[in-house]
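> Would you mind keeping the following structure in view while I ask a few things?
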Amino acid sequence: MSKNTLIAPSVLAADFANLQRDIEMINNSQADWFHIDIMDGVFVPNISFGMPVLEAITRHTKKTVDVHLMIVNPDQYIKTFKDLGADILTVHYEACTHLHRTLQAIKAQGMKAGVALNPHTSVDLLEDVINDIDMVCIMSVNPGFGGQSFIENTYVKVKKLKDLITRKGASTLIEIDGGVTNKNALQLVEAGADVLVAGSFVFKAENPIQTVADLKQLTTV
Ligand code: DX5
Ligand code: ZN
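In this text, residue positions in the sequence shown follow our numbering: the first is 320, and each later residue adds one.
Written out as structure tokens, the structure is:
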């Protein structure tokens, strides 16, 4: 049985002065999802964009909208992100004191619930909550910026997480976020990744549509 790896271009690397053009380009590509990074300047040392821009983006997206919240107190905005068109809402483990409650609140709004782990956060910490998580996003860079280089320890984390998911009989997807290129994509999929986020590698390429197609082909194993 062949594995269909999902490709999720990160809009953070798009040309913000030509957002609609870049969104249509992803609509017309083989990409599966839109990955959208929301940064608050508190949880991470950068501010990306907020609700009005997200609203403008989702007016044009024709694929699954995967929203990655790099913000403190995500609970207070769950309904807002649903209303803005999020299909998957990912919060950071490090930003949630009551993670189980947050996951239930996301699902109660009809969205898939994701949990992102910073590079220093062990996948073992998800042991007691893995069956409640639709997707784990393993950060393969420190969150806050696009265009950083991939942290090699990620492969070990993916394998460990895959083992945990299998052992617990969970159906959680594994997403990788940060520094994904054609150099590490296949190895990530072989380790257990289901979804690859790619920002700079797609949007800064000479031919983004072809780059997505190549990533898709490379990771269909
Ligand atoms: C990093 C963001 C990533 C980023 C990925 O904080 O969460 O989604 O946009 O960009 P690249 O692929 O350029 O590392
Ligand atoms: Zn992200």
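C-beta: ideal position from N, C-alpha, C; glycine also.
In chain order, which beta strand (DSSP E) runs of at least 3 residues are fully inside the stretch 385–430?
Complete beta strand (DSSP E) runs here, min 3: 407–411.
> Could you tell me whether any non-hydrogen atom of the ligand ZN is closer than 7 Å to the CB of residue 451?
Taking the sequence shown and counting its residues from 1, one reaches residue 451 at position 132. Because no heavy atom of the ligand ZN lies under 7 Å away, the Cβ of residue 451 does not count as near it: no.
> State yes or no: is the C-beta of residue 516 nearer than 7 Å to some heavy atom of the ligand ZN?
Against the sequence shown, residue 516 aligns to sequence position 197. It does: the Cβ of residue 516 is within 7 Å (strictly closer) of some heavy atom of the ligand ZN.
> Which residues in the same chain as residue 363 place their Cβ atom closer than 7 Å to its Cβ, once the five residues preceding and following it in sequence are excluded?
By 1-based counting over the sequence shown, the position of residue 363 is 44. Around residue 363: 389, 462 and 463.
> Write down the C-beta distance between residue 513 and residue 493 rounded to the nearest angstrom, noting that I regard them as a contact closer than 8 Å.
Translated into the one-based positions of the sequence shown, residue 513 becomes position 194. Translated into the one-based positions of the sequence shown, residue 493 becomes position 174. Confirmed, about 5 Å.
> Between the beta-carbon of residue 410 and the beta-carbon of residue 400, is there less than 8 Å?
Position 91 of the sequence shown, counted from the start, is the residue given in the question as residue 410. Position 81 of the sequence shown, counted from the start, is the residue given in the question as residue 400. For residue 410 and residue 400, no; Cβs fall outside 8 Å.
> Can you tell me whether residue 322 is buried or exposed? The criterion is at least 16 other CB atoms within 10 Å of its CB, across all chains shown.
What you label residue 322 is simply residue 3 of the sequence shown in a count that begins at 1. Exposed.
> Check whether the Cβ of residue 454 sits closer than 7 Å to any heavy atom of the ligand DX5, and report yes or no.
Translated into the one-based positions of the sequence shown, residue 454 becomes position 135. Result no, Cβ not under 7 Å from the ligand DX5.
> Which full runs of the beta strand (DSSP E) of 3+ residues lie inside the stretch 325–370, going along the chain?
325–328 and 352–358, all fully within the stretch 325–370.
> Would residue 485 be called buried (16 or more neighbouring beta carbons within 10 Å of its own) or exposed?
Numbered from its first residue, the sequence shown carries residue 485 at position 166. Per the 10 Å Cβ criterion, exposed.
> Kindly indicate the opening and closing residues of the beta strand (DSSP E) around residue 299.
With the chain covering only 320 through 540, there is no way to say anything about residue 299.
> Just verifying my parser: in three-state terms, what is the DSSP assignment at residue 504?
The residue given as residue 504 occupies position 185 in the sequence shown. Three-state DSSP puts residue 504 in a helix.
> What does a CB cutoff of less than 7 Å around residue 356 pick up in its chain, not counting 5 residues either side in sequence?
Taking the first residue of the sequence shown as 1, we reach residue 356 at position 37. Correct list, in chain order: 329, 331, 367, 387 and 389.
> Do residue 429 and residue 453 have their beta-carbon atoms positioned less than 8 Å apart in this structure?
In the sequence shown, counting from the first residue as 1, residue 453 sits at position 134. In the sequence shown, counting from the first residue as 1, residue 429 sits at position 110. The answer is no: Cβ separation not under 8 Å.
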